[in-house]
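Heads up: the sequence lines are chains A and B, in that order.
Heads up, the first sequence is in numbering that gives the first Met the number 0, so the first residue is 0 and it goes up one at a time.
Heads up, the second sequence is in numbering that gives the first Met the number 0, so the first residue is 0 and it goes up one at a time.
Glycine included, C-beta positions come from ideal geometry on N, C-alpha and C.
All of these numbers come straight from a predicted model, not from anything done at the bench.
Read the structure below first, then the notes.
Number of protein chains: 2
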Amino acid sequence: MPLRDLCPALANKAYFNYGGQGPLPDPSLEAITASWRTLQELGPFSTAVWPFVERETARVRAALAGLCGVGPHRLALTENVSSGCVLPLWGLPWQRGESLLISDCEHPGVVAACRELARREGLQIATLPVQQLCRSTPQAELPAAVLEALERHLSVDTRLVVLSHLLWNTGAIMPIPAVAQRLQVHPRRPWLLVDAAQSFGSIPVAEAAAAADIYAFTGHKWCCGPEGLGGVALSERLLEQAQPTLIGWRSLRHEAEAGSAWHADARRFEVATSCLPLCSGLAASLELLAAEGSVEQRLDRIRAGSRSLWNGLQAIPAVRTVLGEPPPAGLVSFSLEFGPSHAAVVQQLGDQGLWIRQLDDPDCLRACTHITTSEAELDRLLEALAALA
Amino acid sequence: MPLRDLCPALANKAYFNYGGQGPLPDPSLEAITASWRTLQELGPFSTAVWPFVERETARVRAALAGLCGVGPHRLALTENVSSGCVLPLWGLPWQRGESLLISDCEHPGVVAACRELARREGLQIATLPVQQLCRSTPQAELPAAVLEALERHLSVDTRLVVLSHLLWNTGAIMPIPAVAQRLQVHPRRPWLLVDAAQSFGSIPVAEAAAAADIYAFTGHKWCCGPEGLGGVALSERLLEQAQPTLIGWRSLRHEAEAGSAWHADARRFEVATSCLPLCSGLAASLELLAAEGSVEQRLDRIRAGSRSLWNGLQAIPAVRTVLGEPPPAGLVSFSLEFGPSHAAVVQQLGDQGLWIRQLDDPDCLRACTHITTSEAELDRLLEALAALA
């Protein structure tokens, strides 16, 4: 059965908010409840249950690490993207006066965390402007333009660069491997923190994930896994130099000893008890995605949908798309130059069972296409938008 | 139907590891899956879904805050006890040279987190010895003995005291409200961090939770909720003075603005996306517990079981109980003076479908009784122990 038909969320609406949260396929929910039943049958806390817990954890860790192109020792499981970004960040060795260079397209949560870190450690914050580049630069030239902006905004004090892989607001892809390469020849070797909330599960990520120091993602958006489980791929040098901040029994090599060393691998950033059945659910969702084709094949389908939507939007006079070309992935951002407010549009479309979202910066609407998006859904959305605008 | 019969985990074994993890009743698993189905029907990400998310979150927050005797504004939802202990801790204003006074009965995870905090902030660590007091002092005199030990070990530099409410290893109850009162007249007004992993859901906690600065608990032990959801009750003065460390959209008053103020209430310590269905599951478990009687009535039943077990253990020559009297709650710790190793005992009992656990400090075995514990289970455990020892 095609993935779309396995998702009850898609049965009663036209859904375009994959960048907010993906639908949970029925087999994944079944895997979650089956996991809970096994936990109850074997445990919940018993010598008999640990091999099952270890197997389910190792299975999802291996699957996620494989997608990131790193060994499982570099992959920590986290509750969400924010945890994945921030947990390793706080444990890095900072020195007063160092500077954090943050793109102007980052999620407010990550930015707020960096600001608080800067306040406590006496760091500077600088902005890497990429939003306007996304609007004005042809996609083929965007990597070079971003690298040029990076060159202009790096300073001798830069110790961290924060840049999303697939920008949540404009929908453009950032040249992460090239950025990583550039940072390697900077005298301070700045850390590279990549928010992969939108890229993981929607575009190939292995090269970028392996090149970043912190590549943090979630399973509940483009992977169609359950909410509450994500991961972060960490570089070898980060594993050598960063201390954990949130610490619990899972961070410790010998969980019964407070004086124990941390786990040498990425598990030092895992904390304590979390919801094991979510591992079973995410593993099931990843298998369902893989059954739909390779990540490249799936991106082709995602882009066919976003291209179709982008093209259709050009025909609506009031609409202006944020990108000047069809998007490189599944995020289609656009604004209405006249007509109802963006908030009103979201609500009026919702009343018709069509779900898109509004973003504040830039002030725009965002509709996402996934491999589960149908032509009929796209037609409905375009018709409804044309009627509203 | 009595709670015991609603727990599949209890159907095929004699279970005594409630202090590790409680069984998940079928109605709670059903509430979890129903919650997931509602999320899919309404969303997962839509204007239609937020009222449901807000309602389920508010419902469990109110229930947990009610049990803690605090307003919902003082209750943050967390993934586990470690998060609840550590998240607010890192955000407190520390000064070099201040001292953390940590009891010798704390969980290794919390101790390791305090050590890392001390390393980064240049703090001292001192130990509050209570383990030996538990063994040697009649329970009626234990509160006074603990307060006397506190008096001896407080210094002018003490800025934090870490003490569990119900000690996970000895099973004794600490006089948290009296400790809080004592700290209020210390010139530095030390913060009081209470690990409530064992107390919450097993003994009345309202007075202690309202008196502590950080009272961190989990739903997956004595409350029989799902793993991956707990909470922390925070004092008003902590809410005024502590900054969040892990930061995401849920920490911010206006989630779309990085420059937004934190939530003024305990939500500033919540991070980002977590597993909403766990809220529905924990709320269901709390209702099932409440249907079994008040917390005082339930403690009576828990104690009837632990008393029966403690008494039975006195009749086995090789056994020495850690406490010299029947336990004040459901944790029964004991050691074998001769016979097989503790690890071997756990495994051999497990082979018979009897589940207890081993602890390292003190080197002992621990069996827990809950309101779901049956006389027949206790008899089986005592017989098996007598045969082994």
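Rounded to whole angstroms, the Cβ separation of Pro43 of chain B and Ala8 of chain A is 6 Å, and the two are in contact under 8 Å.
Counting only unbroken stretches of 4 or more residues, the alpha helix (DSSP H) elements lying wholly within the region 41-72 of chain A are 49-67, in sequence order.
Leaving aside the five residues that flank Gly70 of chain B on each side, the residues in its chain whose CB is nearer than 7 Å to its CB run, in chain order, Ala64.
Using a CB distance below 9 Å, no part of the region 290-313 of chain A faces chain B. The contact set of Gly200 of chain B on chain A, defined by CB atoms closer than 8 Å, is empty, because the minimum CB distance reaches about 15 Å. Nearest to Thr372 of chain B by C-alpha distance, out of B:Asp299, B:Gln351, B:Glu226, is B:Asp299. C-alpha of Asp25 of chain B to C-alpha of Gln347 of chain B: approximately 29 Å in a straight line.
Between Asp212 of chain B and Glu105 of chain B, the C-beta spacing is not below 8 Å.
Within the region 229-270 of chain A, complete alpha helix (DSSP H) segments of at least 4 residues are found at 235-240, given in chain order.
Annotation for Val294 of chain B: the continuous alpha helix (DSSP H) segment containing it runs 294-313. At least one CB atom of chain A sits nearer than 8 Å to the CB of His219 of chain B. Under the three-state reduction of DSSP, Arg114 of chain B is assigned to helix.
Taking a 10 Å sphere around the C-beta of Met0 of chain A, we find fewer than 16 other C-beta atoms and assign the residue as exposed. A buried status is given to Ser27 of chain A, since no fewer than 16 other beta-carbon atoms sit within 10 Å of its beta-carbon.
With respect to the C-alpha of Trp248 of chain B, the residue from A:Arg36, A:Glu55, A:Cys274, A:Val85 having the closest C-alpha is A:Val85.
Distance check between Val231 of chain B and each of B:Ala257, B:Ser198, B:Ile315, B:Arg151 places B:Ser198 closest, using alpha-carbon atoms only. Taking a Cβ-Cβ threshold of 9 Å, none of the residues of chain A is close to Leu287 of chain B; the smallest such distance is about 15 Å. CA-CA distance, Val48 of chain A to Asp156 of chain B, rounds to 45 Å. Contact with chain A is absent for Thr372 of chain B, since none of that chain's Cβ atoms lies less than 8 Å from the residue's Cβ. Beyond the five residues adjoining it in sequence on each side, Ser259 of chain A comes within less than 8 Å, by CB distance, of Leu251, Arg252, His253 in the same chain, given in chain order. The beta carbon of Glu115 of chain B sits closer than 8 Å to some beta carbon of chain A. The shortest CA-to-CA distance from Leu387 of chain B to any of B:Ala328, B:Ala375, B:Pro316 is the one to B:Pro316.
Just measuring C-alpha positions, the residue of B:Glu324, B:Leu364, B:Asp360, B:Pro326 sitting nearest Ala343 of chain B is B:Leu364.
The beta carbon of Gln197 of chain A sits no closer than 8 Å to any beta carbon of chain B.
According to the DSSP secondary-structure assignment, Leu74 of chain B is paired through a beta bridge with B:Ala232. For the pair Arg95 of chain A and Gln123 of chain A, the Cα-to-Cα distance works out to about 8 Å. Residue-level contact check: Gln94 of chain A does not touch chain B, since none of the beta carbons of chain B fall below 8 Å from its beta carbon.
Residues are counted here when their Cβ sits less than 7 Å from a Cβ of chain A; for the region 118-139 of chain B the count is zero.
DSSP assignment within the region 308-352 of chain B yields the following whole beta strand (DSSP E) runs of 3 residues or more, N-terminal first: 318-320, 330-335. Within the same chain, no Cβ atom closer than 7 Å to the Cβ of Glu40 of chain B is found once the five residues on either side in sequence are excluded. In the DSSP assignment, Val184 of chain A falls outside any beta strand (DSSP E), carrying neither H nor E. According to DSSP, residue pairing for Trp167 of chain A in a beta bridge does not occur. Judged by pairs of C-beta atoms under 8 Å, the region 10-26 of chain B touches the region 366-382 of chain B, as three or more such pairs exist. Neighbours of Val80 of chain B across chain A, judged by C-beta separation under 9 Å: Gly247, Ala271, Thr272. CA-to-CA, the gap between Ala303 of chain A and Asn168 of chain B works out to about 60 Å. The beta carbon of Trp167 of chain B does not come within 8 Å of any beta carbon belonging to chain A, so the residue lies off that interface.
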